[in-house]
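Protein chains in written order, with our numbering: chain A, 41 to 373; chain B, 41 to 373; chain C, 41 to 373; chain D, 41 to 373.
Quick reminder that beta carbons are idealized off the backbone N, C-alpha and C, glycines included.
Number of protein chains: 4
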Amino acid sequence: MGKHRIGIVGFRGYSGAEAVRILAGHPHAEPVLMEHRADTQDARALPYRHPVIPCTPEAAAGEGLSVVFLGTPPEVSMELAPAMLERGLKVIDFSGAFRLRTPEVYLRWYKAQHAAPALLAEAAYGLPEFCRSRIATARLVANPGCYPTAANLAIRPLLDAGVVDRAVGIVCDAKSGVSGAGRKATLKNSFCEVVGNLSAYAILEHRHVPEILQNSGLEEHELSFTAQLLPLDRGILETVYFRTTEPDAGALVAIYEKRYAAEPFVRIYPAGQVPDLHAVVRTNFCDIGVKLDGATGRAVVVAAIDNLGKGAAGQAVQDMNLMLGFSETEGLL
Amino acid sequence: MGKHRIGIVGFRGYSGAEAVRILAGHPHAEPVLMEHRADTQDARALPYRHPVIPCTPEAAAGEGLSVVFLGTPPEVSMELAPAMLERGLKVIDFSGAFRLRTPEVYLRWYKAQHAAPALLAEAAYGLPEFCRSRIATARLVANPGCYPTAANLAIRPLLDAGVVDRAVGIVCDAKSGVSGAGRKATLKNSFCEVVGNLSAYAILEHRHVPEILQNSGLEEHELSFTAQLLPLDRGILETVYFRTTEPDAGALVAIYEKRYAAEPFVRIYPAGQVPDLHAVVRTNFCDIGVKLDGATGRAVVVAAIDNLGKGAAGQAVQDMNLMLGFSETEGLL
Amino acid sequence: MGKHRIGIVGFRGYSGAEAVRILAGHPHAEPVLMEHRADTQDARALPYRHPVIPCTPEAAAGEGLSVVFLGTPPEVSMELAPAMLERGLKVIDFSGAFRLRTPEVYLRWYKAQHAAPALLAEAAYGLPEFCRSRIATARLVANPGCYPTAANLAIRPLLDAGVVDRAVGIVCDAKSGVSGAGRKATLKNSFCEVVGNLSAYAILEHRHVPEILQNSGLEEHELSFTAQLLPLDRGILETVYFRTTEPDAGALVAIYEKRYAAEPFVRIYPAGQVPDLHAVVRTNFCDIGVKLDGATGRAVVVAAIDNLGKGAAGQAVQDMNLMLGFSETEGLL
Amino acid sequence: MGKHRIGIVGFRGYSGAEAVRILAGHPHAEPVLMEHRADTQDARALPYRHPVIPCTPEAAAGEGLSVVFLGTPPEVSMELAPAMLERGLKVIDFSGAFRLRTPEVYLRWYKAQHAAPALLAEAAYGLPEFCRSRIATARLVANPGCYPTAANLAIRPLLDAGVVDRAVGIVCDAKSGVSGAGRKATLKNSFCEVVGNLSAYAILEHRHVPEILQNSGLEEHELSFTAQLLPLDRGILETVYFRTTEPDAGALVAIYEKRYAAEPFVRIYPAGQVPDLHAVVRTNFCDIGVKLDGATGRAVVVAAIDNLGKGAAGQAVQDMNLMLGFSETEGLL
């Protein structure tokens, strides 16, 4: 049997290019680059020798693509996704366009009207650890944001287990490499502004907050989320603080171990140990570790992912594997 | 009048070398390098042409030094400080040896008996913004830790003003450049292990915790403190989370502005704006900014310093200026 | 006596901002920011509290400025410099506009007609080590390029001493930090493209080549010059290769020591030792070291500067000190 | 058929760990970690779940290993290699122990007596592009040094084609990431000493010089080689300067294209274009580009590799593929 052909729009961006790289090594799929008019970025970093087709639903359908990855801004995705679906193509969108459930929430956080609100209810949220069955049968998958991927994997098992003092709430202090901001020329992301620096941004008002709330079960007043830009290219580390009545870190570790026992891409550390970025960069893993001060009930969970891996392209391929019936880890280990 | 001569032990370390650099530009003081037997580090990074004397109380007294800076580990400082004081020299110690008030607290956090417990009560804590008058008349100053400097400047005005919900407590997520770990050969701090990485360490049990508690007024169960190692050489940024009933960020900013109105080295940002590391690196400033979600009472304060500046050598010179009767900003602006 | 007021156009760029920083600490001069219509860069990195005036010759003259620094592109400098000179102001230009002696050479390397060719003969080349007396009396100083500063200081004494085998010629392999490219938003200089990378550019055809030839005495066919972009913000290191009949490195070192004996900003290393970037970053020094294989006559000279220091703003202040009759090192040590 | 088992001594070092990583994805081979008494490095960066056996010839033979990779210093390799060979195992040594042809040359450059001189004549030099047939039948392969790999691939075709003016000779200005120095705690390679820095070392006397001479055909007096330490973890870029009578860059490019037409891991760029490090990092490629100033005959060749890929572990796997009869690119694309 031939390989499934997977279209990639926005293949010049960091997430798109990473998807091309992963698919190039996939045993049952191969990338097809889709040239979009708005994607005018310099291509020098992309030496891939893969087929290139125009980014139109006609071309996508004519070329026999199985799935189209949209590595595009939300306003472009809202236009492309419906057109692709209409032609019978499956879509995995990397943007925030289809992650939130209502156009009202979208408007509040993205400051724009949603152009395809009918698809919001249909879209599956592409976090396999919590939405596996919906993803497997979906036409449209909203690939989760990078921060929410780590946050939801770290927070939701604790809430489900009822071990978080919700009156105190949760602090999630998140740090990301610069590739999370996309491949583009901005002064803020220029080398001299970033090197030797750390800067907080979108404090308490990051677009990814509603995505964490929606999928973790937290209420808005229970979560304080801050994003910070690290002087490195790839990787997200989130430090999560809460209070608990659990007596020791082992009990918290056990909650994670039970929840993720069958998960191929979530690794839980022994009590008291936490991951660093090197443990996860260039992988599809989310690593989680717990530290607890039993005497006072103060707990810290550290979760780490690669923002381009489990936080974007890796997770998209994991979703694709589910949608096309492949083993979930294919091409990702 | 001739310049005051300031002895510097540990001048090959990063903090000591920074003290040499600052003093070399000071109008009323000049550095004298004191060669200590345990300081065997490669000196290649130190092209200073300053006098060098042996690190003995006799030499220090004989050379007419006004103050001796100890850029040494606590066990060395506990030995050198009493001997220097006995000879009538004033001492500013960069280590944690004299920062805590009792030998019991020292034992708990430093895992060692204190060798000069009688000096603990006498030593002034060298944070001018809170201990100015004691520093001015002290024989022995314990230069504050880098993390506690930023934490105390950020936290104490809020506690004093009574605007923190202490039942919820305070989270302080701290990040530091690698020079904070000192100039030494360790695998953990080697280039390839640090570059492209972020790692949390000493979670909830950092030695600097008791120093924050002691000087801010927080109780241990009220504070969750995590330190993280950034892939950069200098700078500390601390993100502080709490709940408040204050209605807007402006009210919190006003607390800081009032408290620090006369302080030359604390800069308060307009409501909603926060500092990054570039704003403070290679300065003696501590910059503070506030963001508040008034609807839910969740507040975030970001404080930034240079760990070698206000977090070590800069602050030591500020203390020295007080001790020798100079203008407090001399050599530091 | 009041301080001389020094106008700075392009104060938001890296070189301009560094000039502001240096002048803020100068005992006899102070910076005045000149707001130019084309300088629309985000100013967040500039917390300076200095006077701001419009960038017009009228304002500059009316404000009693002694010298105007032009941190502008050559096409802007060619327009501003004549206008400022006409009003009786002295000008130090940071661009390449006035460094070459004829409009023909300018046209060849800058691919543009020169708009003020009459000034080319008048402009003094601002390298004090070779042009001190002309600078002191000049109305217009062309501040040297960063690469040529290090290259000329390294190469010219060797040529003057006749120790270079000119049939073999000279290779100058130059590496620079990213700030040398200016403060602007480009994909090429964005963090993710630069970090972990090294890239050669303008091989054998860099605009700085004619400036090296003109001031060192080399012929074009004798010099191979390559520039490379380092993943760091500040600093230039040039590795210079040639053949010599000198018997040992000491003889070459002696040539430099003699030539630069009275120079405050050129430091010569003992034979066999060479500088690294840390030795010069944030200084106005040019450090030079020599290694020789006496048996084969192959020699290597390493020269290091800070591209924003001796390579731009530091050198401009050194020139200004000469023009205003101050001690040459004022504000620079 | 089961996978070939490949022993890896020194799996905690950067090259050894990279070999483990590559072999873990190889279709016909799998890594077996060999625990050597001298390899006491902290293993935290190695989350591999692979079998571990003692590093003895007995264990290696008993476990049915096909090949043993020695990621050890030369003095350890000189001891282990003969013992492994005696037991009938094939060996690929990453150190410089077996790269030079005589004990005299070894003594001169490594300042030590060779402990197994009889093997020097037997060992195949593991650069497939020049020694493919010898590698395929060798018991012992000396994996080339990182600098010589790029240098020889860049220089030898030019010499073979007779287009280099040998009276002028060749300058090779080489720059490497820090992982080339191995995984160990040294002050020189600590983060704060390397970040923001560039330093030249072993100028004209690097141990890799004789390896370049031996395999390229250059005479010692014809080559000036300087190594420089870049502030990045992986990657080598070498800038090679020479004079030629070839009329245009295309003629030089054609020499490379012809020589490497059948080579899977050497990529030649169009005339005037050169590689940067991002093009090769985390690959087994050597990329080569040429720039020529035809009027003066000055030529520049830029060659780039990953020092841990084609410069170490990748090349070792390429050699292993040849020795075990696999396709040469297996596990490497």
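Endpoints, beta strand (DSSP E) assigned at residue i
i, result
"residue 62 of chain C", "Not the beta strand (DSSP E): residue 62 of chain C falls in the alpha helix (DSSP H), residues 54-64."
"residue 70 of chain A", "69-75"
"residue 94 of chain A", "92-94"
"residue 131 of chain A", "130-133"
"residue 180 of chain C", "180-182"
"residue 281 of chain B", "276-283"
Proximity of residue i and residue j at Cβ, strictly below 8 Å
i, j, result
"residue 326 of chain A", "residue 301 of chain A", "no"
"residue 372 of chain B", "residue 331 of chain A", "no"
"residue 105 of chain A", "residue 45 of chain A", "yes"
"residue 7 of chain B", "residue 210 of chain B", "Within the shown structure, residues of chain B are numbered from 41 to 373, placing residue 7 of chain B beyond reach of any answer."
"residue 155 of chain C", "residue 181 of chain C", "no"
"residue 55 of chain C", "residue 111 of chain C", "yes"
"residue 158 of chain D", "residue 124 of chain D", "no"
"residue 134 of chain B", "residue 192 of chain B", "no"
For residue i, the first and last residue of its enclosing alpha helix (DSSP H)
i, result
"residue 198 of chain B", "186-201"
"residue 119 of chain B", "114-126"
"residue 341 of chain C", "Looking at the DSSP string, residue 341 of chain C is not in any alpha helix (DSSP H); the run it does join, the beta strand (DSSP E), is 338-345."
"residue 298 of chain B", "289-299"
"residue 414 of chain B", "Outside the displayed span of chain B (41 to 373) sits residue 414 of chain B, for which this structure offers no information."
"residue 358 of chain B", "354-363"
"residue 162 of chain C", "Counting along the chain, residue 162 of chain C falls outside any alpha helix (DSSP H), and DSSP gives it neither H nor E."
"residue 102 of chain B", "97-102"
"residue 147 of chain A", "143-150"
Neighbouring residues, chain B, relative to residue i (Cβ below 9 Å)
i, result
"residue 218 of chain D", "230, 231, 232 and 235"
"residue 204 of chain A", "Within 9 Å Cβ-Cβ: nothing; residue 204 of chain A doesn't reach chain B, min ~13 Å."
"residue 261 of chain A", "333, 335, 336, 337 and 338"
Neighbour-count burial assignment, residue i, 16 or more Cβ in a 10 Å radius
i, result
"residue 284 of chain B", "buried"
"residue 215 of chain A", "buried"
"residue 91 of chain C", "exposed"
"residue 151 of chain B", "exposed"
"residue 359 of chain D", "buried"
"residue 42 of chain B", "exposed"
"residue 153 of chain B", "exposed"
"residue 350 of chain A", "buried"
Chain D contact residues for residue i, given Cβ-Cβ distances below 9 Å
i, result
"residue 241 of chain B", "The premise fails here: residue 241 of chain B is roughly 12 Å from chain D at the closest Cβ pair, so nothing lies under 9 Å."
Cross-chain neighbours of residue i in chain C, by beta carbon under 8 Å
i, result
"residue 296 of chain D", "Residues of chain C passing the Cβ test: none, with the nearest at roughly 16 Å."
Contacts of residue i in chain C (Cβ-Cβ under 9 Å)
i, result
"residue 112 of chain A", "Correct list: empty, because the minimum Cβ distance to chain C is about 18 Å."
"residue 223 of chain A", "227, 230, 232 and 233"
Chain G contact residues for residue i, given Cβ-Cβ distances below 7 Å
i, result
"residue 264 of chain C", "No chain G appears in the structure shown, which is made up of the protein chains A, B, C and D."
Partners in chain B for residue i, counting only beta-carbon separations shorter than 7 Å
i, result
"residue 371 of chain A", "Within chain B, no residue comes near residue 371 of chain A; the closest Cβ sits about 24 Å away, beyond 7 Å."
"residue 316 of chain A", "237, 238 and 239"
Under 7 Å by beta carbon: chain C residues contacting residue i
i, result
"residue 244 of chain D", "331, 333, 338 and 340"
8 Å Cβ cut-off: residues of chain B touching residue i
i, result
"residue 54 of chain D", "232"
"residue 273 of chain D", "231, 232, 235 and 236"
Contact list for residue i against chain D, beta-carbon separation under 7 Å
i, result
"residue 98 of chain C", "In chain order: nothing, as chain D lies at least about 42 Å away."
Residues that residue i contacts on chain A, provided the C-beta gap is smaller than 7 Å
i, result
"residue 79 of chain C", "The premise fails here: residue 79 of chain C is roughly 13 Å from chain A at the closest Cβ pair, so nothing lies under 7 Å."
"residue 215 of chain B", "238"
Going along the chain, which unbroken runs of the alpha helix (DSSP H) with 4 or more residues stay wholly within the stretch 195-250 of chain C?
231-234
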